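Here the working numbering is used: the first residue of the sequence shown is 18, the next is one more, and so on.
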Amino acid sequence: IHIYFSTFSLICCCTKFPVSSPTVIHSWTGLYTASTGIKDLPEFVGVNFLDDEVTGYFDSKNNQFEIRQDWVKELGEKYVEDQTKSFRDFTWKFKENLKMIMTEFYQTGDQGKINKHLHPLQIQTMYGCKFDDETGATDGYSQFGYDGADFIRLDLKNTYWVAAKPEAEIIKQKWNGGEAKYWKIYLEQDCVYWLKKYVMYGKISLDRKGTCLSHFFLKKSIRGENQMVCHVTGFYPDKVMISWQKDGQDLHEDVDVGETLPNHDRTFQKRAELKVTPEEWKKNQFTCVVEHKSGDPIHMILNEEKIRTNSAGTGASSSSLTRIIAGLVVAALCLIAVVVGVVMVVKRRSGERCSKQHQ
């Protein structure tokens, strides 16, 4: 299999520019789960996110809030203590909510019947808020799920709960009123306050990477069909769109977009592959389009004259690869020589000791 490498790369901007960058919407999300009857799973697990980045973790087994980003430490020890207390309160409240929902599902308040029908169950909630750093607009949400299905959600604008299942109707009636007002105040005021504070402390982490590297390489299969690969790496956050165009027209057939994968430095990478015949490649212009929240779409045109092959022995990529392979071979030979030498010395000394013992 021959692999062709492009000798050019494109540095696309992945920072937030003060002029040309689009609006940045920051978000804070709490994702909590209470369960019963599930072996080896804590009864309560809570995870906090800032812009899809995990910032804190808690479970009822360890019963202690854990920081997952270094910048959170700057909020102080009292913050950790307060979070621990809040999560412990959540643990108790979620257990009560789980019992209440189970009661409604079984249409009885008889604890004996609940235990009789008991099987592994989960209640999940996802709530949080968003903030537009350009317009100042905010939004919030709170929703509950039961065993993986929607159960009840908050209509923040109208301040009431909406049932997604018949069993949630009674709970909706209980929560509409004081509970709904509490959530409205929290999501529109307290949550936004803390979101802005988190963004201020975590700005370095949120803006941490200044560039992402996008490049092409072309794989040629043994059947003569080329597979053109547009590879993008080093971007953050993880949302990115990669597509192929042929002579300015979007391509959908024979295009395979891979999953977004993490890098070791907490940035991400992704690739989009296009199958094309050599004849098509030579007669048409193919463009890889990269769209990221950091700026305008990037159009990378793949030109045949800019491609070098490592099998031809020419070009920077080929010579560099040759030098690397040669270096590895030399290093391997040196290592083998050292190992062989050590073994010979050990054997010789062992033989000398044996000779002395028999004399």
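For every residue, glycine included, the Cβ atom is placed at its ideal position computed from N, Cα and C.
Computed from a predicted structure; not experimentally measured.
Review point. With distances taken from CA atoms, which of ASP273, HIS316 and LYS78 is nearest GLN266?
Key: On the sequence shown, residue 266 is found 249 positions in, with the first residue counted as 1. Ranking ASP273, HIS316 and LYS78 by Cα distance to GLN266 puts HIS316 first.
Practice item. Count the other CB atoms, across all protein chains shown, that sit within 10 Å of the CB of ARG288; report buried if there are 16 or more and exposed otherwise. Key: For the purposes of this step, residue 288 is taken as the residue at position 271 of the sequence shown. Under this definition ARG288 is a buried residue.
Review point. Going by C-alpha distance, which of VAL41, GLU91 and GLU98 is nearest GLY219?
Key: The residue you call residue 219 lines up with position 202 of the sequence shown. Nearest option by C-alpha distance: GLU91.
**Study point:** C-alpha distance - GLY129 paired with ASP282, whole-angstrom precision
**Key:** Counted from its first residue, the sequence shown places residue 129 at position 112. Counted from its first residue, the sequence shown places residue 282 at position 265. Low confidence applies here, because GLY129 scores a pLDDT of 46, under 50, leaving its location unreliable and the question unanswered by this model.
Point to revise | Same chain only: Cβ atoms within 7 Å of ASN80, ignoring 5 sequence neighbours per side | key: Translated into positions along the sequence shown, residue 80 becomes position 63. Closer than 7 Å at the Cβ level, and outside the excluded window around ASN80, lie ARG105.
Review point. Who are CYS146's beta bridge partners in DSSP?
Key: Residue 146 sits at position 129 when you count from the first residue of the sequence shown. According to DSSP, which records beta bridges pairwise, CYS146 is partnered with TRP45 and GLY157.
Review point. Which residues share a DSSP beta bridge with GLU308?
Key: Stepping through the sequence shown from its first residue, residue 308 is reached at position 291. Note: GLU308 sits in a beta bridge opposite MET258.
Check your understanding: With a Cβ-Cβ cutoff of 8 Å, do VAL293 and ASN243 count as a contact?
Key -> Within the sequence shown, the letter at position 276 stands for residue 293. Within the sequence shown, the letter at position 226 stands for residue 243. Going by C-beta atoms, VAL293 is nearer than 8 Å to ASN243.
Exercise for review: Would you identify the three-state DSSP class for GLY251, choosing helix, strand or coil?
Suggested key: Numbered from 1 along the sequence shown, position 234 holds the residue referred to as residue 251. Residue state, collapsed to three classes: strand.
Check your understanding: From LYS256, ASP255, VAL272 and TYR253, pick the residue whose C-alpha is nearest to that of CYS247; which is it?
Key -> Locating residue 247 in the sequence shown gives position 230, counting from the first residue. The residue with the shortest Cα to Cα distance from CYS247 is VAL272.
Check your understanding: Around the C-beta of ARG85, are 16 or more other C-beta atoms found within 10 angstroms, so that it is buried, or is it exposed?
Key -> Within the sequence shown, residue 85 is the residue found at index 68, counting from 1. Burial call: exposed.
Review point. Per DSSP, what kind of secondary structure is GLN10 in: helix, strand or coil?
Key: Limits of the chain in this structure are 18 at one end and 376 at the other, which puts residue 10 out of reach.
Check your understanding: Got a sec, what are the start and stop residues for the beta strand (DSSP E) VAL272 sits in?
Key -> For the purposes of this step, residue 272 is identified with residue 255 of the sequence shown, where counting begins at 1. 272–274 is the span of the beta strand (DSSP E), which, as asked, contains VAL272.
Review point. Is it the case that the Cβ atoms of GLY145 and GLY157 are separated by a distance below 8 Å?
Key: Here residue 145 refers to the residue found at position 128 when the sequence shown is read from its first residue. Here residue 157 refers to the residue found at position 140 when the sequence shown is read from its first residue. Their beta carbons are under 8 Å apart, which means GLY145 touches GLY157 by this criterion.
Practice item. Go ahead and label TRP109 buried or exposed: buried means 16 or more other beta carbons lie within 10 angstroms of its beta carbon, across all protein chains shown. Key: The residue labelled residue 109 in the question sits at position 92 within the sequence shown. Its Cβ having fewer than 16 others within 10 Å, TRP109 is exposed.
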